[in-house]
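Trainee:
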Amino acid sequence: MDLRTLLWLHILIIIITITTSIAGKRKKPGSKTHVTHVVVDRTSPKSLTHDIISNSVTNTVSKEKNYGIYSKRRLKGKRLTVKGLRRLIQKRKKILNEKKRRRVLKRLRKELAMLKSLMRNSRKKCKSSQGCGRNECCIKFTQKGYGRCKKRPKLNQRCKPALMPGIDIECPCRIGLTCAPFKKSKSGNIKFHCEALKYIDEEIEAYSVTGLGRYKR
Numbered sequence: 001m002d003l004r005t006l007l008w009l010h011i012l013i014i015i016i017t018i019t020t021s022i023a024g025k026r027k028k029p030g031s032k033t034h035v036t037h038v039v040v041d042r043t044s045p046k047s048l049t050h051d052i053i054s055n056s057v058t059n060t061v062s063k064e065k066n067y068g069i070y071s072k073r074r075l076k077g078k079r080l081t082v083k084g085l086r087r088l089i090q091k092r093k094k095i096l097n098e099k100k101r102r103r104v105l106k107r108l109r110k111e112l113a114m115l116k117s118l119m120r121n122s123r124k125k126c127k128s129s130q131g132c133g134r135n136e137c138c139i140k141f142t143q144k145g146y147g148r149c150k151k152r153p154k155l156n157q158r159c160k161p162a163l164m165p166g167i168d169i170e171c172p173c174r175i176g177l178t179c180a181p182f183k184k185s186k187s188g189n190i191k192f193h194c195e196a197l198k199y200i201d202e203e204i205e206a207y208s209v210t211g212l213g214r215y216k217r
């Protein structure tokens, strides 16, 4: 083989390598798999819905978004939620060494406050309760501006009663439930929780709506 043919072969090899590298670069973006971002929905356990008119109880499954907000702190291999942090604080209050107890509680309470702010910011923004779901209410921190949607209390959960009948309270119980007193504290204050309406056929009295009037101080 003469010098000219060797030169042409060398040029052909260079051209082939360049074209294959360009083709490989073009195929790389297309070869990536498409990632879809899916919002995870979890179905809560069947909740009891009280129908006021027919006085019947139906089972419904309510879907709620799982935001998955956890603390960095772990206990027995599990990441703690707000409820878990509160329980841990109650346990750590029993530490005998005063300096150690103060240091641990200060750190845990700071972490609890940060976790609560994260949960508050993850909630949906709203101007009124119409912007929230069926079993949610709009909690505003100021008179003007936006608030955050909050779940209305369920059966046997704590609630705040209205001071006078007919006045809308901040976050009432769910449909078919009323805020009623269930026990007295040691200091004499009445505690309220949500319970099913008992007056259906007759006219509902004031204390069954507001939860006041059962206990006399």
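Residue numbers (the working numbering): 1 to 217. The C-beta atom is built at its ideal place from N, Cα and C for all residues, glycine as well. Model, not experiment: these values are computed from the prediction.
1) Spell out the partners DSSP gives GLU136 in its beta bridges.
2) Since ILE89 is in the alpha helix (DSSP H), which residue starts that stretch and which ends it?
3) Which residue or residues does DSSP assign as beta-bridge partners of HIS193?
4) Residues bridged to CYS173 by DSSP?
5) For CYS137 versus SER129, is the C-beta distance shorter than 7 angstroms?
6) Rounded to the nearest angstrom, how far is the Cβ of ILE95 from that of ARG101, given a contact under 8 angstroms?
7) Quick check: the region 174–181 against the region 140–149, are at least 3 beta-carbon pairs closer than 8 angstroms?
8) Check LYS100 in the structure and name its three-state DSSP category.
9) Would a check of beta-carbon distances place LEU85 closer than 7 angstroms to chain C?
10) List the DSSP bridge partners of LYS125.
11) Verify the contact flag: PHE141, CB atom, against every heavy atom of the ligand COA, threshold strictly below 6 angstroms.
12) What is the C-beta distance between ARG92 and LEU108, in whole angstroms, given that I count them as a contact (C-beta under 8 angstroms)?
13) As a quick exercise: from LYS186, LEU88 and ARG152, pick the residue whose alpha carbon is nearest that of GLU170.
14) With the cut-off set at 7 angstroms, would you say ILE139 and LYS125 are in Cβ contact?
15) Can you name, in chain order, every residue of its own chain whose Cβ lies under 6 angstroms from the Cβ of ARG123, other than the five neighbours on each side?
16) What's the C-alpha gap between ASN135 and ILE175?
Mentor: In short, the structure shows the following:
1) LYS151
2) 82–92
3) ARG158 and ALA180
4) The partner list for CYS173 (beta bridge, DSSP) is empty, contrary to what the question assumes.
5) yes
6) 4 angstroms
7) no
8) helix
9) No chain C appears in this structure, which consists of one protein chain only.
10) ARG148
11) Ligands in the displayed structure: none, and consequently the ligand COA is not present.
12) 6 angstroms
13) ARG152
14) no
15) ARG148 and CYS149
16) 8 angstroms
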